[in-house]
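What follows is one structure encoded as structure tokens, with my remarks underneath.
Residue numbers (the numbering used here): 94 to 269.
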């Protein structure tokens, strides 16, 4: 079934991949309007190996049909610090890994799918971007499997022109 909800991800369900979760408050910031919190993705320009990836692990509900793959909806906004970031582009990547007893690291995950996001023209406004991960990049995952999803900002990409942090208060995953 297309567009079936797989899971919702809020700021508390994503863990920075270089931590064990003990520094979660440092990664959470208030959005410019001060009414919600979000995960902060600073611009790190160490090539494509940026350390600011966040992981979420969940089960694709049994009974869902993955006709074409999964769509990851990223809701992002600026941090309000740089007016020049408004209307600029940033680049995010999504990687899916099927978690099995024999293989629990991201080293053999599916191919990363990237998306260029144009930030809103006004500070604090959310932009929703869909990153479509086709079945070929799901690392063999199917309904009933446990998967780990990595969401990261690729600050070293030439198309990432946002100098401040990109904030993500929520995301969700659907089938497509």
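Every residue, glycine too, gets a C-beta built ideally from N, C-alpha and C.
Since residue i and residue j are thought to touch, with beta carbons under 8 angstroms apart, how far apart are those beta carbons, to the nearest angstrom?
i: residue 253; j: residue 244; result: Actually they do not touch by this definition, with Cβ atoms about 15 angstroms apart.
i: residue 183; j: residue 210; result: 5 angstroms
i: residue 224; j: residue 165; result: 5 angstroms
i: residue 189; j: residue 240; result: 6 angstroms
i: residue 162; j: residue 226; result: 5 angstroms
i: residue 214; j: residue 173; result: Incorrect: roughly 14 angstroms between the Cβ atoms, too far for contact.
i: residue 267; j: residue 230; result: No, residue 267 and residue 230 are not in contact; Cβ-Cβ is about 16 angstroms, not under 8 angstroms.
Quick one: give me the first and last residue of the beta strand (DSSP E) that residue i is part of.
i: residue 175; result: No beta strand (DSSP E) holds residue 175; DSSP gives it neither H nor E.
i: residue 158; result: Here residue 158 belongs to no beta strand (DSSP E), and DSSP marks it neither H nor E.
i: residue 223; result: 220–227
Taking residue i as the reference, which of the options has the closest Cα?
i: residue 147; options: 262, 125 and 267; result: 262
i: residue 237; options: 100, 155, 131 and 102; result: 155
i: residue 191; options: 269, 222, 160 and 150; result: 150
i: residue 123; options: 213, 267, 268 and 260; result: 260
i: residue 206; options: 158, 160 and 228; result: 228
i: residue 222; options: 103, 265 and 242; result: 265
i: residue 131; options: 242, 167 and 160; result: 167
Count the other CB atoms within 10 Å of the CB of residue i; is the residue buried (16 or more) or exposed (fewer)?
i: residue 250; result: buried
i: residue 176; result: exposed
i: residue 126; result: exposed
i: residue 96; result: exposed
i: residue 169; result: buried
i: residue 233; result: exposed
i: residue 257; result: buried
i: residue 202; result: buried
DSSP has residue i in a bridge; who is on the other side?
i: residue 245; result: 146 and 186
i: residue 263; result: 103 and 168
i: residue 133; result: 260
i: residue 215; result: Partner(s): none; residue 215 has no beta bridge.
i: residue 122; result: 131
i: residue 206; result: 187
i: residue 240; result: 151 and 191
9 angstroms is my cut-off, CB to CB: does residue i come that close to chain C?
i: residue 181; result: The structure shown contains no chain C, having only a single protein chain.
Run the proximity test for residue i: is its beta-carbon closer than 8 angstroms to any non-hydrogen atom belonging to the ligand MN?
i: residue 162; result: The ligand MN is not part of the structure shown, which contains no ligands of any sort.
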